[in-house]
Amino acid sequence: MSMSIIAARDLDLTFQTNDGPVHALKGVDLDIAKGDFVSFIGPSGCGKTTFLRCMADLETPTGGSITVNGVSAEEARKSRAYGYVFQAAGLYPWRTIGRNVSLPLEIMGYDKADIRARVARVLELVDLAGFEKKFPWQLSGGMQQRASIARALAFDADILLMDEPFGALDEIVRDHLNEQLLKLWDRTNKTIAFVTHSIPEAVYLSTRIVVMSPRPGRITDVIESTLPRNRPLDIRDTPEFLEIAHRVREGLRAGHAYEG
Amino acid sequence: MSMSIIAARDLDLTFQTNDGPVHALKGVDLDIAKGDFVSFIGPSGCGKTTFLRCMADLETPTGGSITVNGVSAEEARKSRAYGYVFQAAGLYPWRTIGRNVSLPLEIMGYDKADIRARVARVLELVDLAGFEKKFPWQLSGGMQQRASIARALAFDADILLMDEPFGALDEIVRDHLNEQLLKLWDRTNKTIAFVTHSIPEAVYLSTRIVVMSPRPGRITDVIESTLPRNRPLDIRDTPEFLEIAHRVREGLRAGHAYEG
Amino acid sequence: MTRNALPILTIVAAIFVLWYAAAVWLNAAWAYDRAGRAGVELSYTEMVADTWAQDKPKLPAPHQVAVELWETTVEKNITSKRSLIYHSWITLSATLLGFAMGTALGIALAVGIVYNRVMDMSVMPWVIASQTIPILAIAPMIIVVLNAVGISGLLPKALISMYLSFFPVVVGMVKGLRSPGVMQLDQMKTWNASSGQTFWTLRLPSSMPYLFTSMKVAMAASLVGAIVGELPTGAVAGLGARLLAGSYYGQTIQIWSALLMAAALAAVLVSGIGLIQRIVLKRMGMA
Amino acid sequence: MGWVLAGLVAWALGWLANVWLARLPKSRATGLAVPVIFGITLLVMWECFVRGLDVPSVILPPPSAIAARFAISTGILWQDFVQTVIKGALSGYVMGCGAAFLIAVAIDRFPFLQRGLLPVGNFVAALPIIGMAPILVMWFGFDWQSKAAVVVVMVFFPMLVNTVQGLQASERMQRDLMRTYGSSYWQTLLKLRLPAAMPFIFNGLKIATTLALIGAIVAEFFGSPIKGMGFRISTSVGQLALDLVWAEIVVAAIAGSAFYGGVALLEKAVTFWHPSQRGRA
Amino acid sequence: DEVTLQLKWVTQAQFAGYYVAQDKGFYDEEGLDVTIKPGGPDIAPTQVIAGGGADVMVDWMPAALAAREKGLPLVNIAQPFKSSGMMLTCRKDSGVATTDDLPGKTLGVWFFGNEFPFLSWMSQLGIPTDGSDEGVTVLKQGFNVDPLIQNQAACISTMTYNEYWQVIDAGFTPEDLVVFKYEDQGVATLEDGLYVLEDNLDDPDFVDRMELFVRASMKGWKYAQENPDEAAEIVLDNDATGAQTEEHQKRMMGEIAKLTAGSNGALDPEDYERTVQSLLAGGSDPVITQEPEGAWTHAITDKALN
Ligand SMILES: Nc1ncnc2c1ncn2[C@@H]1O[C@H](COP(=O)(O)OP(=O)(O)OP(=O)(O)O)[C@@H](O)[C@H]1O
Ligand SMILES: Nc1ncnc2c1ncn2[C@@H]1O[C@H](COP(=O)(O)OP(=O)(O)OP(=O)(O)O)[C@@H](O)[C@H]1O
Ligand SMILES: Cc1ncc(C[n+]2csc(CCO)c2C)c(N)n1
Ligand SMILES: [Mg+2]
Ligand SMILES: [Mg+2]
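Chains as they are written, first to last, in the working numbering: chain X, 60 to 319; chain V, 60 to 319; chain Z, 8 to 294; chain F, 13 to 293; chain D, 6 to 311.
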């Protein structure tokens with residue numbers, strides 16, 4: 060067994076709210092190996108974001124343990140082991156798009172010329188070249204989302220934690236970015252944890268798909284992908300792909316209340 | 060020709076920004092008839108939100124004209140002709156979910172018992188029963204999005220303007236809500252303008268699909284659906300459906316820069 | 008600017024009308040009182056004319072104040088002790104120094120409170136308590152003590168200004184520095200930003216609306232402090248000394264002109280902050 | 013020298029105790045203990061330095077003398093408290109904050125007023141109390157009414173500025189939402205803009221608490237009946253009864269802190285949703 | 006040699022002697038460098054001198070003796086003012102004609118250490134000051150004569166040389182007013198004397214400086230009495246607020262001259278005794294409770310004036 064980059068053992072997390080506790084995560088076990096691309100899928104409110112936040116040391120589990128890169132999540136965060144894309148764009152309203160993207164680079168102490176080059180490169184990647192000088196509220200919802208993706212890609216973290224990064228994007232851009240992300244992953248051998256609501260997206264991107272279910276939030280299924288590492292877009296029409304997608308859909312449906 | 064509920068004539072909208080004007084809409088012409096279900100699809104930043112905001116009198120066009128219900132957009136807004144679902148949830152942090160949903164009802168002067176009944180009904184509809192007493196920040200992203208949909212459905216507007224309402228939802232919930240929305244539309248004969256990024260969703264829901272393209276934002280194609288009004292979920296596997304979806308995809312691709 | 012002219016002029020005109028009316032109302036008693044003692048019968052117009060021209064009226068009419076202002080600003084050499092400009096300058100210098108020190112202290116305390124748990128838990132109640140000490144009561148002691156250790160001149164006055172002005176800044180900045188949302192703070196955490204970095208790139212920018220609002224209040228407080236501070240230094244010069252001397256000799260016209268001068272000073276200073284606020288917020292894309 | 017040394021030791025001990033306490037998990041007890049220890053440390057240092065450096069008691073009496081005086085003067089202190097805090101400060105606070113609030117809403121409602129009244133308001137409200145107080149005493153008489161009037165003038169401006177700023181604090185999308193409901197001005201005000209303004213309004217209310225107290229006390233320097241905290245302070249300074257002066261100051265500090273604490277508690281209840289409150293359970 | 010003098014009140018003709026001595030170079034002649042610190046409504050000269058802010062101060066004897074009993078050992082070294090300028094000024098239309106009419110009326114009184122003469126007068130008259138029906142209602146009077154003009158009080162405290170004239174300037178005629186001079190009521194206490202801390206008198210060097218200071222100051226007073234108009238001009242030149250008027254200062258100088266007349270600068274022990282007895286006689290709440298000792302000395306004036 061290869062070394063686990065992320066290892067969760069019997070993870071529990073309960074929120075205390077004004078009307079009683081909410082079990083966001085219960086008994087979650089998972090290992091993510093170096094170079095894995097793991098997607099998380101599950102009904103809204105099942106704890107995907109919460110789990111990702113535990114990996115990022117943004118939430119403290121109320122039970123169990125989690126390690127990242129073999130050390131505690133906190134140490135991993137402090138060594139800047141990962142880049143995180145939040146579910147909402149969360150750009151700073153007082154900074155232009157360009158300066159929003161350069162912010163983590165400034166914080167990590169990259170030099171000026173390097174910052175400029177990286178910002179230009181990632182904005183190009185998400186198709187926002189030319190919007191560098193705009194303020195966030197001058198951008199459409201999808202453009203803001205892309206800016207926030209660019210921000211997480213601008214520095215070279217070995218681990219990427221992405222919470223529905225492509226939710227607000229149309230199919231064509233999404234396909235494009237899916238391809239780009241796969242290329243990046245293939246080239247750099249990053250480890251990626253990826254939350255999505257789209258079954259085809261999960262299947263297309265991942266080496267493993269984790270299906271979760273709510274109340275309490277837990278893992279109900281882990282599906283290994285048999286697809287090759289190199290994936291052209293039209294792999295999505297192969298029977299193998301459809302077969303995996305079907306299994307994911309079944310797993311997902313099991314976690315839902317309605318029959319439909 | 061039946062009476063136009065929404066009629067845009069040669070609509071122009073230019074934003075002035077710190078680095079020059081942005082042509083968000085240019086020469087947009089469109090008629091939406093009573094009972095239509097019109098989807099808007101197009102690359103991110105092409106002006107879908109802006110167009111919807113013009114209908115809602117949240118933006119003032121810099122050229123051309125727009126009428127809603129035969130009167131100016133402003134009058135229509137003042138007569139509470141429509142319900143609007145924003146791209147981001149935009150719940151008020153000081154109100155619980157239940158009181159967020161009841162807000163428009165309070166403003167419109169519904170009586171107490173009616174408000175209670177309606178809130179319960181729409182929260183049930185979006186599967187948030189039991190979360191009435193929680194505050195927005197205690198909910199997951201998808202749950203917030205659903206609360207905001209419930210808020211727009213709680214009162215009986217004849218027109219619904221929905222800006223990517225299902226963007227943050229997983230496939231199963233999305234299918235469920237798609238069905239519910241179709242049922243509601245069928246039953247109440249509402250007129251719906253609906254922004255989405257999902258081609259299947261657009262085809263499944265709409266009587267007409269408007270394809271837009273950016274810089275400047277304009278309408279490049281309007282595709283009439285030949286699907287029957289009554290649509291079971293598995294209509295999505297019929298050749299007719301796939302044929303329309305294909306046409307939309309082609310239209311969409313034409314508006315994009317990349318080939319892929 | 009011209010857009011604002013009409014509303015301002017309207018309001019000012021309204022105030023003048025009210026003011027003249029109030030002058031009649033407040034000064035009439037004295038006019039009748041004096042006429043009565045002199046045994047003359049006053050007609051209404053005579054009474055009105057009298058109320059607007061008394062030597063020591065309860066409320067001087069605007070033109071009386073205007074004349075006094077004109078005589079003590081334009082017609083006096085600005086180095087003269089009878090020039091209001093001279094006195095304003097004395098007060099202004101203490102105000103500005105006190106404001107600068109107060110703002111700096113306020114921000115420093117707020118940063119301490121937001122970042123340091125010990126300070127968060129211990130300082131705030133005492134900062135509040137400090138503000139409930141009636142400064143006018145201890146100002147003389149402060150001055151005496153400072154004098155004893157050899158500090159005199161501008162600094163003691165500025166210290167009293169500081170004492171009054173740091174409080175609004177602390178209260179506003181603690182709120183402002185804590186106003187970033189959970190997500191924005193989390194983002195900083197994911198980059199393992201140092202507290203300094205989080206401060207400069209997130210907390211400080213988010214606190215700007217609070218900072219400027221507090222600074223406006225602090226500026227007004229600082230002026231009050233400078234004026235209060237002038238009294239126990241012997242009230243030799245400055246607007247406070249003018250106010251005091253005026254009220255000691257019942258020279259209401261002189262009080263009002265010093266008062267209006269002080270208010271004008273405050274208005275200029277406060278709107279100066281407003282201007283900076285607009286420029287800064289605009290550059291931050293927030294206005 | 014011994015006393016000075018003792019003062020320094022007290023400072024070190026207090027600091028260490030607080031650092032230790034602050035590391036403990038946050039609870040009601042530590043939340044209370046830390047400021048109390050801080051205060052006690054301050055008092056002990058004061059006592060030690062006053063004794064150690066031989067400061068004459070007509071300049072600064074030691075806390076022990078103040079406490080002794082406090083104990084024997086409770087009757088006077090209570091009478092002064094009622095006169096100044098209850099009658100003067102509180103009534104002025106309510107009227108001043110209320111008026112500022114209403115005017116802020118009016119300013120916000122009519123852009124005409126906003127452009128006209130706000131600059132003029134800045135001007136009027138910056139009138140220094142030293143000048144205002146004698147005039148207000150002349151207008152409203154010697155008793156608490158003139159003190160309340162001074163307080164009204166003092167608290168007006170901070171409250172006005174904060175409320176005006178707060179009323180502009182709602183977000184674009186939140187306002188758009190209200191527009192889609194064809195919501196009337198008053199509905200938007202009540203359901204959106206006022207709640208969103210609350211963090212600012214409470215800022216103003218908090219600052220105004222201490223200003224109200226200062227105003228009521230200082231106003232008594234310019235003429236008063238022969239009771240009240242300001243009267244007692246100025247008279248006692250003249251009589252060199254500094255222990256009574258400080259006993260009055262202690263009353264002022266306690267009253268002010270309680271007043272402020274009450275408003276802060278209310279704030280916590282009303283703006284629980286604001287990140288500045290939410291972050292710290 | 007440096008000397009710092011703390012005045013009891015703002016720069017005005019009441020302190021003309023010191024300003025004249027400085028302006029005419031009398032201090033220079035004695036080799037002194039004198040700093041004159043004006044007072045004001047918030048300045049307790051006793052506190053300033055206790056804090057080391059001044060070497061010598063001008064204050065009224067009741068305040069100085071009360072401070073002495075509080076543990077601040079002040080000593081009178083010179084007494085340029087012979088008579089008291091204090092009086093109670095009443096509106097005739099308020100119905101006050103004699104002291105018997107006072108009960109039931111509202112009176113304005115200066116506090117901040119200046120209330121002692123009034124309180125001892127009232128207790129000698131047997132009028133309570135607690136606001137009861139048979140007593141008087143006391144107001145803490147502010148800086149000016151407004152309470153009388155606004156009819157908020159029946160009587161207010163005034164000085165012959167200052168506030169009284171403000172009342173006149175405000176439009177009252179002397180016939181509209183009834184005045185009770187403390188001198189006439191037999192309750193006069195000594196005003197404006199020079200006081201220093203007792204400990205300092207052990208220092209021969211300090212005593213020397215005071216000797217020079219008192220000599221030059223009395224020369225100033227003499228000059229001021231002889232040249233009242235010039236003295237008033239000098240005071241005006243030294244008024245940093247620029248608020249005083251020439252007319253008022255000249256008139257004040259005239260009145261002040263009447264009060265200093267009869268004093269060569271040395272304290273008259275008889276006046277002292279009278280003041281002490283008046284303060285001790287305060288009924289249930291006397292200003293001082295025991296006969297002070299060592300509260301004055303002729304050591305300085307003996308040397309300075311001979
Ligand atoms: N700060 C919080 N306080 C209380 N409850 C919370 C908090 N954050 C999340 N929850 C609850 O925890 C559960 C899981 O939330 P989470 O955000 O992890 O869901 P999710 O799987 O990311 O959903 P979505 O797909 O809608 O984003 C939800 O029921 C939510 O209400
Ligand atoms: N307030 C504004 N100021 C300046 N430019 C704006 C503003 N709002 C939108 N824009 C610009 O107008 C264009 C259209 O924006 P719009 O929000 O309508 O796009 P959209 O089609 O809704 O995109 P998405 O699918 O990403 O939400 C974009 O280029 C955007 O940058
Ligand atoms: C707060 C205050 N304290 C004392 C006096 C009275 N006073 C002290 S010295 C002096 C000489 C008068 O010219 C007078 C009247 C006052 N007026 N206001
Ligand atoms: Mg989520
Ligand atoms: Mg949009």
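We put the beta carbon where it would ideally sit given N, CA and C, even for glycine.
By the rule that beta-carbons nearer than 9 Å mark a contact, V130(Z) touches chain F. Under the three-state reduction of DSSP output, I293(D) falls in the coil class, being neither helix nor strand.
DSSP, read as helix, strand or coil, puts M241(F) in helix. Any Cβ of chain V closer than 9 Å to the Cβ of Q186(F) would place that residue at the interface, and such an atom is present.
Residue-level contact check: M210(F) does not touch chain Z, since none of the beta carbons of chain Z fall below 9 Å from its beta carbon. Look at E188(D) here: in three-state DSSP terms it is helix.
When the Cα atoms are used, A68(D) and G118(D) turn out to be separated by approximately 5 Å.
Classified as buried, H235(V) has 16 or more neighbouring CB atoms from the shown chains inside 10 Å of its CB. The beta-carbon separation of T163(D) and T265(D), rounded to 19 Å, does not stay under the 8 Å limit for a contact. Ranking P207(F), A224(F), I238(F) and M107(F) by CA distance to the CA of V97(F) puts A224(F) first. Under DSSP, the beta-bridge partners assigned to Q75(V) are P80(V).
Only exposed fits W32(F), as fewer than 16 other CB atoms lie within 10 angstroms of its CB. Beyond the five residues adjoining it in sequence on each side, G142(X) comes within less than 6 Å, by CB distance, of A211, A216 and L219 in the same chain, given in chain order.
For the segment 193-256 of chain V, the continuous alpha helix (DSSP H) assignments of 4+ residues that do not extend past its boundaries occur at 200-212 and 230-247, in sequence order. Listed by position along chain V, the residues whose Cβ is nearer than 7 Å to that of V97(X) form an empty set, because the closest Cβ is around 17 Å away. Under the Cβ criterion of 9 Å, V152(Z) is counted among the residues facing chain D.
A distance below 9 Å separates the beta carbons of D88(X) and D69(X). At a cut-off of 9 Å, the C-beta of Y141(V) has a neighbouring C-beta in chain F.
In the displayed model, E283(X) falls within a strand according to three-state DSSP. Nearest C-alpha to N156(D) among V164(F), L129(F) and W151(F): W151(F). Shown here, Y122(Z) sits in a helix according to DSSP, grouped into three states. Between the segment 163-172 of chain F and the segment 81-90 of chain F there are fewer than three inter-stretch CB-CB distances shorter than 8 Å, so the stretches are not counted as touching.
For E133(V), not one C-beta of chain X is nearer than 9 Å to its own C-beta. When secondary structure is reduced to three states using DSSP, I140(Z) falls in the coil class, being assigned neither helix nor strand. For chain Z, the residues of the segment 143-159 of chain D that bring a beta carbon within less than 8 Å of one of its beta carbons are G147, F148, N149, V150, D151, I154 and Q155, in chain order. Ligand 4 has a heavy atom closer than 8 Å to the beta-carbon of T108(X). Within the same chain, V270 and G310 come within 6 Å of D280(V) by CB-CB distance, once the 5 residues on both sides are set aside.
With respect to chain X, the C-beta atom of L198(V) has a partner C-beta closer than 9 Å. Using a cutoff of 8 Å, the CB of D120(F) does not count as near ligand 5, since none of the ligand's heavy atoms is closer than that.
Residues of the segment 141-157 of chain V with a C-beta atom less than 8 Å from some C-beta of chain X are Q146 and A147, listed in chain order. About 7 Å separates the Cβ atoms of L284(D) and F121(D), confirming a contact at the 8 Å cut-off. From the beta-carbon of L189(F), the residues of chain V found nearer than 8 Å are Y143, F145 and G149.
Residues of the same chain with a CB within less than 7 Å of the CB of A101(Z), apart from the 5 flanking positions on each side, are L161, K164, A165, S168, A233 and G236 in chain order.
Counted as a single uninterrupted DSSP element, the alpha helix (DSSP H) harbouring V165(F) occupies residues W156 to L179.
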